[in-house]
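Convert by adding 89 to the 1-based position in the sequence shown; the result is the number in my numbering.
Ideal Cβ positions, reconstructed from N, Cα and C, are used throughout, including at glycine.
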Amino acid sequence: MLIEHRGQRPVVPESAYVAPSAVLCGAVVLGERARVLHGAVLTAEDGEIRTGSDVVIMENALVRGRAGHPVTLGDSVLVGPHAHVNGAVVEDEAFVATGAALFPGSVAGAGAELRINSVLHVNSRLEPGAVLPIGWIAAGDPAALFSPDRHEELWEIQRTMDFPGTVYGVPRGAPMREIMARQTRFYGAHQDDRLLED
């Protein structure tokens, strides 16, 4: 399904494939031979999404472009099922496994592997060729790797990385009423979206 959002239309080359149940919304530009499989959603909320060539975005993955953090997927990138690429850069030949999450401002270097259910935190950089193990978290620039049982050590780095400011544009400690009022206004822009004919 192709959707025009804020006057921006997806661009899909003839060599690409978008499954009938996938959604491309707004300023999404697919590269040659890109494949977007069933249930995947690529939504350029207010920032572009651009893929390289030979990219596969698997079932039920979410790729979200943001104003300050457009998404770039390099050549020969795999985004696995249920993965979440939000305002991130994924360089050439990187592998984003099932359920992995990349947050705004993050960069996965060329040839990096983000294994099942791993997390690359906001404003963090995973070095080229690095492997982020199953269920682990990477934070910092360059990223340090943390197993899930090392939360206190992770928090020492994570709390300085401005998650609320980067993701929601608010200072840490802002009340949820303020955050959600901003979010409902922001997503309200979809009320004017227009379904495009194939």
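| Query | Result |
| --- | --- |
| Could you give the first and the last residue of the continuous alpha helix (DSSP H) run that contains residue 223? | First-last for residue 223: undefined, no H or E at that position. |
| Of all the options 207, 142, 131 and 273, which has the alpha carbon lying nearest to the alpha carbon of residue 150? | 131 |
| Quick one: any contact between the segment 258 to 277 and the segment 103 to 116, if contact means 3 or more CB pairs under 8 Å? | no |
| So residue 182 and residue 200 are in contact, right, with Cβ under 8 Å, and what is the actual spacing, rounded? | 5 Å |
| Excluding the five sequence neighbours on either side, which residues of its own chain have a C-beta within less than 7 Å of the C-beta of residue 107, listed in chain order? | 101, 113 and 125 |
| Report buried or exposed for residue 141, applying the criterion of at least 16 other Cβ atoms within 10 angstroms of its Cβ. | buried |
| Keeping to the same chain, check which residues put their C-beta closer than 6 Å to that of residue 283; ignore five residues upstream and five downstream. | 93 |
| Check whether the segment 213 to 228 touches the segment 156 to 167, taking contact to mean three or more Cβ pairs, one atom from each stretch, closer than 8 Å. | no |
| Counting C-beta neighbours from all protein chains within 10 Å, is the total for residue 180 16 or more, i.e. buried, or is it exposed? | buried |
| Assuming residue 139 contacts residue 118 (C-beta within less than 8 Å), just tell me the rounded distance between them. | 5 Å |
| Going by the DSSP bridge assignment, what does residue 173 pair with across the sheet? | 151 and 190 |
| Report the option in 198, 188, 105 and 212 whose CA atom is closest to the CA atom of residue 224. | 188 |
| Please report the straight-line C-alpha distance between residue 167 and residue 263, rounded to a whole angstrom. | 36 Å |
| Please go through the same chain and pick out, in chain order, the residues whose beta-carbon is closer than 6 Å to the beta-carbon of residue 205, but skip the five residues on each side of it. | 186, 187, 188 and 223 |
| What separation, rounded to the nearest whole angstrom, lies between the Cα atoms of residue 152 and residue 241? | 29 Å |
| Given a threshold of 16 other Cβ atoms within 10 Å of its Cβ, counted over all protein chains shown, does residue 99 qualify as buried or as exposed? | buried |
| What are the residues that DSSP puts in a beta bridge with residue 101? | The partner list for residue 101 (beta bridge, DSSP) is empty, contrary to what the question assumes. |
| Measuring straight from C-alpha to C-alpha, what distance separates residue 203 and residue 184? | 6 Å |
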